[in-house]
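See structure below.
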Amino acid sequence: MIQKTQRTTTSRMPSRTQYDQELVYSILDEALFCTVSYSVDNQPFSIPTAFVRKENKLYIHGSVGSHFLRGIESGLPVCISVMLTDSLVVAKSAFHHSVNYRSVILFSNAVRHDAFEEKALFFQELTEKMVPNSWEYLRQMKASEVNKTMLLSFEISEASARMRTGMPNDDEEDKTLPIWSGIIPIPSKKLTPIADENSIGIELPKHLR
Ligand SMILES: Cc1cc2nc3c(=O)[nH]c(=O)nc-3n(C[C@H](O)[C@H](O)[C@H](O)COP(=O)(O)OP(=O)(O)OC[C@H]3O[C@@H](n4cnc5c(N)ncnc54)[C@H](O)[C@@H]3O)c2cc1C
1175 MIQKTQRTTT
1185 SRMPSRTQYD
1195 QELVYSILDE
1205 ALFCTVSYSV
1215 DNQPFSIPTA
1225 FVRKENKLYI
1235 HGSVGSHFLR
1245 GIESGLPVCI
1255 SVMLTDSLVV
1265 AKSAFHHSVN
1275 YRSVILFSNA
1285 VRHDAFEEKA
1295 LFFQELTEKM
1305 VPNSWEYLRQ
1315 MKASEVNKTM
1325 LLSFEISEAS
1335 ARMRTGMPND
1345 DEEDKTLPIW
1355 SGIIPIPSKK
1365 LTPIADENSI
1375 GIELPKHLR
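Numbering (the numbering used here), first residue to last: 1175 to 1383.
Dropping the structure here:
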């Protein structure tokens, strides 16, 4: 359940911000990466990383030796942001240029998961999110690989989704100016895979076509 709080309340154009669980989840499920921000001794850090959303939790992973993960595993407050950029908004004036986007910001605290099965399952879910239908095709994970991985989750409850859609909002008196305005879509799609030197002669598997 998403709860609106003082710190998830936007001051500018509040109608663009929503606290709808399904919207938050849909943005998180479409995005591949998030940025985790936290502060240690008044020094802010902001670290991009891959993630998976499962039910009301966002999971991240990394090496057990990671400075970043060790910094937040004890439950330090974090702020996590995710954004999808849909188009550039090109107005008739520089002032009204903008971006069509969908984004999520959430506040939470890490919970560490040490169970071997949980960590192994996370690898499967992350791999399937990045490259759907690839898990069965890959060599199986080694226990040592799971053991040297730290898994953290964050509850998704204090969160907000924000989006901008549509055309530029030019000033009324500018609308008749002979200056082009509109949007430039920013496609976000995976292109044709490129084989590395160890895959010459290996047929591209069906799930990658
Ligand atoms: C790709 C991209 C480009 C942007 N470019 C600009 C820009 O150039 N200039 C600009 O002013 N704004 C830009 N924004 C919007 C910006 O992220 C803020 O939403 C906006 O500035 C509103 O700020 P505020 O002062 O009202 O929010 P604040 O009062 O600072 O925010 C309070 C709370 O509202 C929620 N919130 C704020 N913004 C977001 C968000 N984007 N997504 C989800 N929750 C949010 C958070 O919980 C936050 O803690 C951009 C957003 C994206 C995704």
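Ideal Cβ positions, reconstructed from N, Cα and C, are used throughout, including at glycine. Here the structure is a predicted model, which is why all the values come from computation and not from measurement.
Inset, instruction - Would you grab the beta carbon distance between H1276 and L1262 for me? Rounded to a whole angstrom, and I think it's under 8 Å. - result: According to the sequence provided, residue 1276 is Arg. The question's His does not apply to it. Contact between R1276 and L1262 is ruled out by a C-beta separation of about 15 Å, above the 8 Å threshold.
Legend entry - Beta-carbon gap between Y1233 and L1300 smaller than 9 Å: For Y1233 and L1300, yes; Cβs fall inside 9 Å.
Legend entry - Distance, F1219 Cα to L1243 Cα: Cα to Cα, L1243 sits roughly 12 Å from F1219.
Legend entry - Separation of T1323 from I1246, as counted between CA atoms: Pairing I1246 with T1323, the inter-Cα distance amounts to about 15 Å.
Inset, instruction - Go ahead and pull the three-state DSSP assignment for D1370. - result: DSSP places D1370 in coil when its eight states are reduced to three.
Inset, instruction - Give the straight-line distance between the Cα atoms of E1176 and L1325, rounded to the nearest whole angstrom. - result: Note on identity: in this sequence residue 1176 is Ile, with Glu being the wrong assignment. Distance between the alpha carbons of I1176 and L1325: 23 Å.
Inset, instruction - Could you pull out every unbroken alpha helix (DSSP H) segment of at least 4 residues lying fully inside the segment 1178–1253, listed in chain order? - result: 1195–1204 and 1241–1246, all fully within the segment 1178–1253.
Legend entry - Length at least 3, wholly inside the segment 1246–1293: the beta strand (DSSP E) runs in chain order: Note on the segment 1246–1293: whole beta strand (DSSP E) runs with a minimum of 3 residues are 1251–1264 and 1272–1287, in chain order.
Legend entry - Per-residue DSSP class, three states only, for L1351: If DSSP states are grouped into helix, strand and coil, L1351 belongs with coil.
Legend entry - Euclidean distance between Cα positions of G1239 and N1372: CA-to-CA, the gap between G1239 and N1372 works out to about 29 Å.
Inset, instruction - In angstroms with no decimal places, state the Cα-to-Cα distance between H1235 and S1355. - result: For H1235 and S1355, the distance between alpha carbons rounds to 43 Å.
Inset, instruction - Flag I1279 as yes when its Cβ comes closer than 8 Å to any non-hydrogen atom of ligand 1, and as no otherwise. - result: I1279 has its CB nearer than 8 Å to a heavy atom of ligand 1.
Inset, instruction - Confirm, please, whether the CB-CB distance from R1227 to L1202 is below 9 Å. - result: A contact, by the Cβ cut-off of 9 Å.
Inset, instruction - Check each candidate in Q1192, M1304, D1348 and T1350 and name the one with the smallest Cα separation from T1223. - result: For the residues Q1192, M1304, D1348 and T1350, the minimum Cα distance to T1223 belongs to M1304.
Inset, instruction - Tell me whether L1295 sits in a helix, a strand or coil according to DSSP, three-state version. - result: Here L1295 carries a helix assignment [DSSP, helix/strand/coil].
Inset, instruction - Reducing DSSP to helix, strand and coil, say where E1302 ends up. - result: Residue state, collapsed to three classes: helix.
Legend entry - Span separating the alpha-carbon of F1269 from that of R1181: Whole-angstrom Cα-Cα distance: 27 Å.
Inset, instruction - Check whether the segment 1185–1192 touches the segment 1333–1352, taking contact to mean three or more Cβ pairs, one atom from each stretch, closer than 8 Å. - result: Three or more pairs of CB atoms, one per stretch, sit closer than 8 Å, so the segment 1185–1192 contacts the segment 1333–1352.
Inset, instruction - Look at the alpha carbon of S1211 and the alpha carbon of C1253, and state the distance between them as a whole number of angstroms. - result: Rounded to the nearest angstrom, the gap between the Cα atoms of S1211 and C1253 is 5 Å.
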